[in-house]
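Please read the structure below before turning to the comments.
2 protein chains.
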Amino acid sequence: MSMSAARLSRATAGRFSLYLRYLEELVQAEAATVSSGALGQALGVSEAQVRRDLAHLGHLGYPGIGYYPGELVTVLRRVLGLDRSWPTILVGVGNLGRALLRYQGFRQKGFQLVAVFDAEPNLIGHRIEGLEVQPLSRLAQEVKDRQVSLGVIAVPGEAAQEVANGMVKAGIRGILNFAPVLLRIPEGVTLVSVDLTIQLEQLAFLVQQGQAGTGPGDQAAS
Amino acid sequence: MSMSAARLSRATAGRFSLYLRYLEELVQAEAATVSSGALGQALGVSEAQVRRDLAHLGHLGYPGIGYYPGELVTVLRRVLGLDRSWPTILVGVGNLGRALLRYQGFRQKGFQLVAVFDAEPNLIGHRIEGLEVQPLSRLAQEVKDRQVSLGVIAVPGEAAQEVANGMVKAGIRGILNFAPVLLRIPEGVTLVSVDLTIQLEQLAFLVQQGQAGTGPGDQAAS
Chain A
6 MSMSAARLSR ATAGRFSLYL RYLEELVQAE AATVSSGALG QALGVSEAQV
56 RRDLAHLGHL GYPGIGYYPG ELVTVLRRVL GLDRSWPTIL VGVGNLGRAL
106 LRYQGFRQKG FQLVAVFDAE PNLIGHRIEG LEVQPLSRLA QEVKDRQVSL
156 GVIAVPGEAA QEVANGMVKA GIRGILNFAP VLLRIPEGVT LVSVDLTIQL
206 EQLAFLVQQG QAGTGPGDQA AS
Chain B
6 MSMSAARLSR ATAGRFSLYL RYLEELVQAE AATVSSGALG QALGVSEAQV
56 RRDLAHLGHL GYPGIGYYPG ELVTVLRRVL GLDRSWPTIL VGVGNLGRAL
106 LRYQGFRQKG FQLVAVFDAE PNLIGHRIEG LEVQPLSRLA QEVKDRQVSL
156 GVIAVPGEAA QEVANGMVKA GIRGILNFAP VLLRIPEGVT LVSVDLTIQL
206 EQLAFLVQQG QAGTGPGDQA AS
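From first to last, the protein sequence lines stand for chains A and B. Each residue of the first sequence is one higher than the one before, counting from 6 in the working numbering. Each residue of the second sequence is one higher than the one before, counting from 6 in the working numbering.
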C-alpha cells in the first residue's frame, strides 16, 4: 500500500483529505457503510473518480455493501501521515500567526505547534496560547531539540525568504508559506504556499467568467 | 479575447495570477522584454506551457524578442478582472478576519473591503482598520447599497453555512471561505475554499512521501 501511496499526485492527496473529513463525520454519525456514489455526491466528484482514488488504498470496497467508514478513516489517516504527531514551528505572530495558533484544527489532526518565533524584540518572551515567543536566533536549536520537520511562515513578504532559508538550514523538511511571495527553496524540501490574494483573484476571475457554483471537490483545488 | 478567456480552466487562471505577480516585478525592475523560457523557469512551469497559456491572451509574443512585460501585465489584469474594483465584505473579525483586514495585498489588487460583520454583540460598533463592525442583520442591505459581489467567510466552522446562506440570499456571487467545513451553495454562486488544515495535511503527506522541493508553479496548485 505504501508503494502505491508513494505515486499519488498532490490532487489525489487533496481529495483524500476531503474524503477523510467527510468519513470522520460519518463515523461520528455512526453510519455503518457508505457507497462510492454517496461519497462522490457528498464531495462533488464522480463515482468513478471515488473508486479510482480509493483503489489506491487497497481492496477496501465490499461488493453490494460499499465501504466501512471506520476502516477507510484508519487507512486514510495512515496514508496521509496523520496517524503520527508532527511537531511544527511557526514564525510570525502577527494577526495571521495568532489565528493559526488558535486554530483548533491543527492540533486535532496531529500538527502540534511546539515553538513560535518573531523578529520583533517587543514580542519576545510574551506567551501566546501557552507558547513563549522566541527570537529567530533560537530557531535552529529548537528544531533540533524537538525534532521538528514542518514550519509555518506567517511573516510579511519581504522577510519570508530569509525565514525560509533559516528553516531549511535548520533541517525543516516541509514549509507552509502564507507570505505573498515566490519562495526559492532547495530540492528535498517541500513547499506548500497559500497566497490569500491569489485565492481572491481566482474567485473574482471565476465570478467574472460567470462560472457556476462549485462542489466541495473543487474546494480541494483551491 | 474574452471568448477564449471564458474557456480558461481554474488551473490556467491560477498560473495567470503567478505570471502576473512575476511580470509586475519585471516591470518594476524595468526589464524591457522577457522570453517564455525565462518566464517558465522563474515560475517552475515548462516553456511549452507558458506559450500555450499566453496564447489564450491573443498574439502577444514577438519572434526573436519575446514578450513585453508591461503589455502582458495590462492584458492579464483585464483577463483576471483586476482592472476593476471589487467591493467585498468580510464576516468574522476574529484573528483571521483581522489578519485579512490588515492584509495590504487585497487593496492593492482591487479588492476593497467595504463592510465587516460579526455575530458577537460586544464587537458591534467597534472600528477595525477604519470599518465599523456591523451585525449580520445589516448584511443584505449593505450588499445591496454597495453593490457587493464578493464575500469572505472567516467564522468558526459551525457558523459558516448560515453565513454563506445569508450571503447567497443577499446576492453575493462569489464566496472565499476560510471555515474548515464543506459549504453547500447553489449553482450560479462561485465558491473558493481555503482550508488551512488541508494545506498542512498536504504538506505532511508530501514530506512523508519524500517529495522534492516544488517550484512556484506548484504554489498555485496548493
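Just so you know, even glycine gets a beta-carbon here, dropped at the ideal spot from N, CA and C. Being a predicted model, the structure only gives us computed values, none of them experimental.
**Study point:** Where residue 39 of chain B sits in the DSSP three-state scheme
**Key:** Strand at residue 39 of chain B.
Review point. Just to confirm, are residue 179 of chain A and residue 209 of chain B a CB contact at a threshold of 9 Å?
Key: Residue 179 of chain A places its beta carbon less than 9 Å from that of residue 209 of chain B.
Review point. For the beta strand (DSSP E) that residue 198 of chain A lies in, which residues bound it at each end?
Key: Unbroken beta strand (DSSP E) run through residue 198 of chain A: 195-198.
Check your understanding: Should residue 127 of chain A be labelled buried (16 or more other beta-carbon atoms within 10 Å of its own) or exposed?
Key -> Around the beta carbon of residue 127 of chain A, fewer than 16 other beta carbons lie within 10 angstroms, which makes this residue exposed.
Review point. Is there contact between the stretch 86-93 of chain B and the stretch 65-73 of chain B, where contact requires at least three CB pairs shorter than 8 Å?
Key: Because the criterion of three Cβ pairs below 8 Å is not met, the stretch 86-93 of chain B and the stretch 65-73 of chain B do not touch.
Exercise for review: Check each candidate in A:200, A:31, A:198 and name the one with the smallest Cα separation from residue 77 of chain A.
Suggested key: Considering only alpha carbons, the answer is A:31.
Practice item. Taking 8 Å as the threshold, find out whether the stretch 148-161 of chain B comes into contact with the stretch 163-183 of chain A through three or more Cβ pairs. Key: The answer is no - the stretch 163-183 of chain A does not touch the stretch 148-161 of chain B, with fewer than three Cβ pairs under 8 Å.
Point to revise | Within-9 Å CB hit, residue 27 of chain B to chain A | key: So, interface residue.
Check your understanding: For a contact meaning CB atoms closer than 7 Å, what does residue 51 of chain A contact in chain B?
Key -> Ordered by position in chain B, no residue passes the 7 Å Cβ test against residue 51 of chain A, which lies about 17 Å from the chain.
Review point. From residue 45 of chain A to residue 135 of chain A, what distance separates their C-alpha atoms?
Key: Residue 45 of chain A and residue 135 of chain A have their alpha carbons spaced roughly 41 Å apart.
Review point. So residue 122 of chain B packs on residue 105 of chain B, CB below 8 Å; how close in whole Å?
Key: Contact between residue 122 of chain B and residue 105 of chain B does not hold, since the beta-carbon distance rounds to 13 Å and is not under 8 Å.
Review point. If you measure beta-carbon to beta-carbon, which residues of the stretch 49-81 of chain A are closer than 8 Å to chain B?
Key: Cβ contacts with chain B: none found.
Check your understanding: For a contact meaning CB atoms closer than 9 Å, what does residue 163 of chain B contact in chain A?
Key -> Per Cβ cutoff of 9 Å: no residues; residue 163 of chain B is ~12 Å from chain A at best.
Practice item. Please state whether DSSP places residue 102 of chain B in a helix, a strand or coil. Key: Residue 102 of chain B falls in the helix class under three-state DSSP.
Check your understanding: Roughly how many angstroms lie between the CA atoms of residue 79 of chain A and residue 124 of chain A, to the nearest whole one?
Key -> Each residue's alpha carbon lies about 40 Å from the other.
**Study point:** Cutoff 7 Å; reference residue 213 of chain B; Cβ partners in own chain excluding five residues on either side
**Key:** Beyond the five residues adjoining it in sequence on each side, residue 213 of chain B comes within less than 7 Å, by CB distance, of no other residue in the same chain.
Check your understanding: Would DSSP call residue 67 of chain B helix, strand or coil?
Key -> Residue state, collapsed to three classes: strand.
Practice item. Could you tell me the distance, in whole angstroms, from the CA atom of residue 56 of chain B to the CA atom of residue 72 of chain B? Key: Spanning the two alpha carbons is a distance of roughly 11 Å.
Practice item. Can you check DSSP and say which residues form a bridge with residue 72 of chain A? Key: Beta-bridge partners assigned by DSSP to residue 72 of chain A: A:39.
Exercise for review: Would you decide whether residue 165 of chain A is buried or exposed? Buried here means 16 or more other CB atoms lie within 10 Å of its CB.
Suggested key: By the C-beta density criterion, residue 165 of chain A is buried, having at least 16 other C-beta atoms within 10 angstroms.
Practice item. Check distances from the C-beta atoms of the stretch 166-180 of chain B to those of chain A and list, in chain order, the residues that come in under 8 Å. Key: Those residues of the stretch 166-180 of chain B that come within reach of chain A (Cβ to Cβ, closer than 8 Å) are 178, 179, 180.
Point to revise | Helix, strand or coil at residue 116 of chain B according to DSSP, with G and I counted as helix | key: In the structure shown, residue 116 of chain B sits in a strand (DSSP, three-state: E or B).
Check your understanding: Can you find a CB in chain A that lies within less than 9 Å of the CB of residue 204 of chain B?
Key -> Yes, its Cβ sits closer than 9 Å to a Cβ of chain A.
Check your understanding: For residue 85 of chain B, does the count of other Cβ atoms within 10 angstroms reach 16, so buried, or fall short, so exposed?
Key -> Within a 10 Å sphere around the beta-carbon of residue 85 of chain B sit 16 or more other beta-carbons, which makes this residue buried.
Review point. Helix or strand or just coil, what does DSSP make of residue 82 of chain A?
Key: Here residue 82 of chain A sits in helix by DSSP.
Exercise for review: Quick one: using the 10 Å Cβ neighbour count with 16 as the cut-off for buried, is residue 198 of chain B buried or exposed?
Suggested key: Residue 198 of chain B is buried by the Cβ-count criterion.
Check your understanding: Can residue 101 of chain B and residue 101 of chain A be called in contact, C-beta distance under 9 Å?
Key -> Taking 9 Å as the Cβ cut-off, residue 101 of chain B and residue 101 of chain A qualify as a contacting pair.
Point to revise | Completely contained alpha helix (DSSP H) runs for the stretch 142-186 of chain A, where each covers 4 or more residues | key: For the stretch 142-186 of chain A, whole alpha helix (DSSP H) runs of length 4 or above, ordered along the chain, are 144-150, 162-175.
Practice item. Output, in chain order, the set of chain B residues within a Cβ distance shorter than 9 Å of residue 114 of chain A. Key: Close partners of residue 114 of chain A in chain B (Cβ separation under 9 Å): 202, 205, 206, 209.
**Study point:** Min CB distance residue 199 of chain A to chain B below 9 Å
**Key:** It does: the Cβ of residue 199 of chain A has a partner Cβ on chain B nearer than 9 Å.
**Study point:** Integer Cβ distance of residue 138 of chain B from residue 129 of chain B, believed to fall under 8 Å
**Key:** Yes, they are in contact, since the Cβ atoms of residue 138 of chain B and residue 129 of chain B sit about 6 Å apart, within 8 Å.
Check your understanding: Helix, strand or coil: which one does DSSP assign to residue 77 of chain B?
Key -> Note: residue 77 of chain B maps to helix in three-state DSSP.
Practice item. Could you tell me whether the Cβ atoms of residue 87 of chain B and residue 115 of chain B are closer together than 9 Å? Key: Yes.
Check your understanding: Does residue 228 of chain A get closer than 9 Å to chain B when you measure Cβ to Cβ?
Key -> Nothing about residue 228 of chain A can be read from this structure; chain A reaches only from 6 to 227.
Point to revise | Segment limits, alpha helix (DSSP H) that includes residue 137 of chain B | key: No alpha helix (DSSP H) contains residue 137 of chain B, which is instead part of the beta strand (DSSP E) from 136-139.
Review point. Within the 9 Å Cβ cut-off, does residue 157 of chain B reach chain A?
Key: A Cβ of chain A is located within less than 9 Å of the beta carbon of residue 157 of chain B.
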